[in-house]
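If you read the protein sequences in the order shown, they are chains A and B. Residue numbers for the first sequence, in this note's numbering: 46 to 941. Residue numbers for the second sequence, in this note's numbering: -15 to 212. Before any comments, here is the structure.
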Amino acid sequence: MTNPPRRQTASDATQTAAAAGAGVSDPLGLGSDPLALDAALRRIWATGPGWQRLAAVNHSIVGRRFMVTALVFFAIAGTLAMLIRIQLATPDSGFMEPGLYAQVFTMHGTVMMFLFAIPLFEGLAMYLLPKMLGARDMAFPRMSAYGYWCYLFGGTLLIVAMLAGAAPAGGWFMYTPLSSKPWSPGIGADVWLLGITFVEISAISAAVEITVTILILRAPGMSLDRMPVFAWYMLTVAAMMLVGFPPLILGSLLLEAERAFGLPFFDPAGGGDPLLWQHLFWLFGHPEVYIIFLPAAGALSTLIPVFAGRPLAGYRAVVAALVAMAFLSFGLWVHHMYATGLPHLSLALFSAASTLVAVPTAVQIFAWIATLAQRRPNPGPPAGPRAPAPVSAPVSVPMLHVFGFFFVFVMGGLTGVMLAIVPFDLQAHDTHFVVAHLHYVLIGGFLFPMLAAGYHWLPLITGRAHDGPAARLGFWLVFAGFNGTFFVMHVTGLMGMPRRVHAYGAESGWHWLNLLSSVSSFVMAIGFAVILIDAVMTLRFGRKAQADPWQAATLEWAVPALPPPPYTFAALPRITSRADRLEPRKIAPLLARGEGVLGLARNGWMETVGVTVAGGEPEQIVILPQQTYLPLWTALATGAVFLSLLFKIYPAAILAALVVLVLFLRWPVGEHAAADWGAMPATAGGGAMPAGEGLSLPLSSEAPVPPALWALRMLAVADGALLASLLFGGLFLALSAPGWPPPLWPALPRAPGILAALALAGAWGAARMAGRAAGRAAGRAAGRAAAPACVAALAGNLAALAACGWMIAALPPLQTHAAQAVLAAALIWLGLHALIGAVLAVNALRRLASGHVSARRRIDLDLMRLWQAGLLPAGLVVLGFPAMLRALAEAAAGAP
Amino acid sequence: MPLVGCGWTGGPLSALDPAGPQARAMAALWWTMLAAAAALFVLVMALYLWALLRPEAAARVPPRRWILWGGIFLPLPILLPLGAAALVLGEAVLRPAGTEPFRVTAEARQWHWLFSYPANPGAAESVDLLHIPAGRPVEVTLTSADVVHSFWIPRLGGKIDAIPGRETRIVLIADAPGSYGGQCAEYCGTGHSFMAFEVLAHPQEALAEALAPVPSAPVPSTAQEPAR
């Protein structure tokens, strides 16, 4: 195709804003040339070749990168598993010495959990969600890219450390004090704590991004109750991540502070408690299991209905079940701690909650069975050009893996109920029975569904059709090898083999079982190799996939081509029914012709529609950022912070943190946000931009609640969970750690506390005033009107920061007792947040000066206002925390 | 009742070869749950395969009934009695009633167990060897000198962690005199695999003799005659 005549509406970026605003006279572009529209959209959305790939922000590219990288880490961790099985194949093995073996099993668990499972589903969600929801991209493409780089760099740090022989060696849950300085003097534990925290940046950013995308970036008309069920799953998972990851991040930071600076959070000699680590870790670690399972279950809930040719049975019951699961999962963590000597009655409470989780699980399992039961009696050749599944086999390759899921996961669920029972767990805990159980749950509940999902969406992602006896052979090898490896471990464990032993004597009676496990594990490895080779061959030589090969009913198959173009949809569909009952092959050609919302290309803008949360009514036009190297630079600078901390070069860490800050200040962009588009003459009255289909919508820069504000709300949830974990940790120590109350109570001076409270209140008031002043001002006067209030907010935050520093300086030496260490941590939290408040004020001043703020465009002021509104109550809690801690400790000491 | 503890499930550390009332109750719980779980597994898989391979027949069950019966009415009547039984059993196992227990303290450290008998003045401390009376509850009080360890005698009962800064307790009973294997169950460093100990259960009348310091190798600080 050579330069087609350009339509007036497909104007490109060189046009001036006013001309473009006036020029959209035929936004629908009906009857237009789909090829011209495709070319115009590609020019805007495409990622450049060569080095420019490093600037990619597109969800299809970043999502694919997440998945491929995760698979590389899977291969690494799988190789480590093979080493473990070689070591345990025979009694008294000398294959690895115990120190090396400890590094191997620690890295196996760590890599599988943090670098494989979570990033894999994040990548899948990133790749699929916009397409399923009928959006052109995720809400914050640059954040996806930043998260990816953080994940890649953090994961690489761990692997490099392992190759250098300095891997962590305390087990993937890093129990203190084994992971504390005296018993892990090397750098390995620091690598874990800092590397994983680095990687968790990507988990938090993915969680924010997924929630906001699902909440507001949907096709017009797609209300919450019309969403494909996969979106419900991912919304739940992302919300769980926002609350579940902060306890781990906090625990890691506290433990690193103990290791680096001697703050005794977990050291009983200084009023700390090793159990605090266990609580924080499992407060994350148990929800984590469901965070890994639910995306896979979401994939099952999507592809089983496709196979059955029917919508999911019990859509509402399934949504209710998964929300119930999310809540229950936060009440189960103590079932990892039955043997720590907690009172039996409190154990019984957690035991009951743990068994109850079987109910929502069973609801989902039977919803899937019910869906299968409603299967179209004879799937035969449907109206379309091609049968949905190979006719030779009773089930397709994805359904083969679904069988693997049912078989393995049901068994893992049943042993899970057994382990929830206190008296049985006291025997099975920390043995190979638990190793068997967790692999049944994770491989059954994550790996098999993900393989099913992989085969299901392979045509979408790669554009290649897949059919192959090799895939079936690979499945059966993995399935047989898996059960051979792990089923016998139930018995090995009950016969007394603890976890993580590197050797055992022949008299134990475990050798035949272990040999069977080891041999089977190699069968499983061969199976994975077959699957990999088959997948590579498909990529290389597979025939081109046809559109919508499975006769699916969700929007991701309504893209104009396989694999989808970078702009995903040439126009966004209007949804009038449940979005898992659509007919992609009918919708796709309409959308490709631009028949839908935003079926146009203008101004070089990457546009998609933002909708109201519940109703899915179109509300704003979100203009997404262009390809940029900023995420890469920011992630590199972030990596420099972590490396400096790792090698204890603290001035460099501060310097690198400043670079990160400066880079982040460059993130707010968008020439479109420098003008009031809604006030342009052509659209005057509507106060909005034409969006096609007779719609006129404001740009997000002029919308009351743009995506950035949603992002800050979600981030605030995670931040609140972090603070809550810290305060919980302090109160837990005061109540139950040895060595409390401290011999010398830290006496905080009153003046800085009062000063901080007043300063925060003042900053909040100033931030509110800034927004109001800008709202009343006309045109560019907004800048002058809001500036004084922004300066006042800046001053308030700086005063609060100084007051926090004053209070920290007034504390007794932090190394002497956990009481002052915890107080210092809380005050550092507050000081950092005042600092960020100051940065937001500076950002607002910059944007005022550059003309990006007007009565209509107030996002920079709104972010500042939201930040201060949250910081004020949180700050008051932190300032009241010392008194709370003391009262509790004294009450606990006074109690008999 | 399955044949407990015979054949290939034996071994010095086998929880399936119980030698005390608590371990026996736990093993019985296991075999019961195993039977129930096996039945449930077969049931769920059969329903799944039925729905997958014979959808014409399975379609006669409406989806609502599948979900209600499978998701609610199937698990709840199993889980509720199981939870109640677990509570009662847990109470019985964790706090066995009866005679005054024989008291021992155990200090775990990388990678040994130091047992002492403060209630028996004159008794010698022992390393990686625990003397207990048979047929009488034994209360072990655990501390740790360094990292978290876990005290486990699989043939007598469940495990309990030894946590720095805390004291934890477990009560165990051995039916008969004999030797039982013990092992650290929580990963505690490179010596974890070999942090084992032996439990010798003596007839009540032979206990004092066993606790007495070995004459040929007197321990300096406790080189005195036993009380009796």
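Every residue, glycine too, gets a C-beta built ideally from N, C-alpha and C.
Identity of the residue in the options nearest residue i by Cα
| i | options | result |
| --- | --- | --- |
| R87(A) | Y612(A), V455(A), F709(A), L885(A) | Y612(A) |
| A497(A) | G449(A), P388(A), Y383(A), L464(A) | G449(A) |
| I904(A) | V750(A), A938(A), F709(A) | V750(A) |
| P332(A) | P340(A), A362(A), M286(A) | M286(A) |
| A633(A) | L643(A), A624(A), A616(A) | A616(A) |
| A418(A) | L33(B), G82(B), I56(B) | L33(B) |
Rounded separation between residue i and residue j - CA only
| i | j | result |
| --- | --- | --- |
| H186(B) | I129(A) | 40 angstroms |
| F546(A) | A100(A) | Strictly speaking, residue 546(A) in this sequence is Val, with Phe absent from that position. Their backbone Cα atoms lie some 46 angstroms apart in a straight line. |
| P543(A) | I578(A) | 36 angstroms |
| S895(A) | H324(A) | 48 angstroms |
| A515(A) | E652(A) | 42 angstroms |
| M272(A) | V368(A) | 15 angstroms |
| A362(A) | L262(A) | 25 angstroms |
| A698(A) | A234(A) | 19 angstroms |
| W90(A) | W602(A) | 20 angstroms |
| V479(A) | L125(A) | 19 angstroms |
| I668(A) | S105(A) | 18 angstroms |
| G774(A) | L321(A) | 7 angstroms |
| W722(A) | G641(A) | 22 angstroms |
is_contact[residue i, chain B] using C-beta, thresh 7 angstroms
| i | result |
| --- | --- |
| Q132(A) | no |
| P222(A) | yes |
| W228(A) | yes |
| H897(A) | no |
| G34(A) | Missing from the structure shown is residue 34(A); chain A here goes from 46 to 941 and no further. |
| G144(A) | yes |
| V156(A) | no |
| A434(A) | Confidence in A434(A) is poor, its pLDDT being 44 and thus under 50, which makes the residue's placement unreliable; the coordinate value appears in the next sentence. It does not; no Cβ of chain B falls within 7 angstroms. |
| I904(A) | no |
| L471(A) | yes |
| G235(A) | In the sequence under discussion, the amino acid at residue 235(A) is Asp, which differs from the Gly named in the question. No, its Cβ sits nowhere closer than 7 angstroms to a Cβ of chain B. |
| G359(A) | yes |
Assigned exposure category for residue i - 16 Cβ within 10 Å defines buried
| i | result |
| --- | --- |
| V28(B) | buried |
| F452(A) | buried |
| V282(A) | buried |
| A914(A) | exposed |
| Q591(A) | exposed |
| E747(A) | buried |
| V486(A) | buried |
| G730(A) | Confidence at G730(A) is low in this model, with a pLDDT of 44, below 50, so the placement of that residue should be treated as unreliable; the coordinate-derived value is given next. G730(A) should be labelled exposed. |
| R51(A) | Because R51(A) sits at a pLDDT of 36, beneath the cut-off of 50, its placement in the model cannot be relied upon, and the point is left open. |
| A949(A) | Only positions 46 to 941 of chain A appear in the structure, and residue 949(A) is not among them; the question remains open. |
| T347(A) | buried |
| V132(B) | buried |
Proximity test, Cβ basis, 7 angstroms: residue i and chain A
| i | result |
| --- | --- |
| A196(B) | no |
| D112(B) | no |
| A121(B) | Checking the sequence shown, residue 121(B) turns out to be Pro, not Ala. With 7 angstroms as the cut-off, P121(B) does not count as an interface residue toward chain A. |
| A(-1)(B) | yes |
| V213(B) | This structure does not reach residue 213(B), given that chain B is present from -15 up to 212, and the question cannot be answered. |
| E145(B) | First, the residue type needs correcting, since residue 145(B) is Asp and not Glu in the sequence shown. Interface residue, yes. |
| V72(B) | no |
| T125(B) | no |
| A184(B) | A small fix is needed here, since residue 184(B) is Leu in this sequence, not Ala. So, not an interface residue. |
| A42(B) | yes |
| V155(B) | no |
| Residues in the segment 534 to 560 of chain A having any Cβ partner in chain B nearer than 8 angstroms | Those would be V536, L539, M540, G541, M542, P543, R544, R545, V546, H547, A548, Y549, E552, S553, G554, W555, in chain order.
| Can you list, in chain order, the residues of the segment 46 to 70 of chain B whose Cβ is nearer than 9 angstroms to any Cβ on chain A? | Residues passing the 9 angstroms Cβ filter: P46, P47, R48, R49, W50, I51, L52, W53, G54, G55, I56, L58, P59, L60, I62, L63, L64, L66, G67, A69, A70.
| task | Select from the segment 164 to 178 of chain B all residues with a C-beta closer than 9 angstroms to any C-beta belonging to chain A, and list them in chain order. | result | Those residues of the segment 164 to 178 of chain B placed with their C-beta closer than 9 angstroms to a C-beta in chain A are G165, Q167, C168, A169, E170, Y171, C172, G173, T174, G175, H176, S177, F178, ordered along the chain.
| Any residues in the segment -2 to 27 of chain B with a beta carbon nearer than 9 angstroms to a beta carbon of chain A? Which ones, in chain order? | Within the segment -2 to 27 of chain B, the residues whose Cβ lies closer than 9 angstroms to some Cβ of chain A are S(-2), A(-1), L0, D1, Q6, A7, A9, M10, A11, L13, W14, M17, L18, A20, A21, A22, L24, F25, listed in chain order.
| request: Identify each residue in the segment 75 to 100 of chain B for which the Cβ-Cβ distance to at least one residue of chain A is less than 7 angstroms, and report them in chain order. | output: Per Cβ criterion, the list reads E75, V77, L78.
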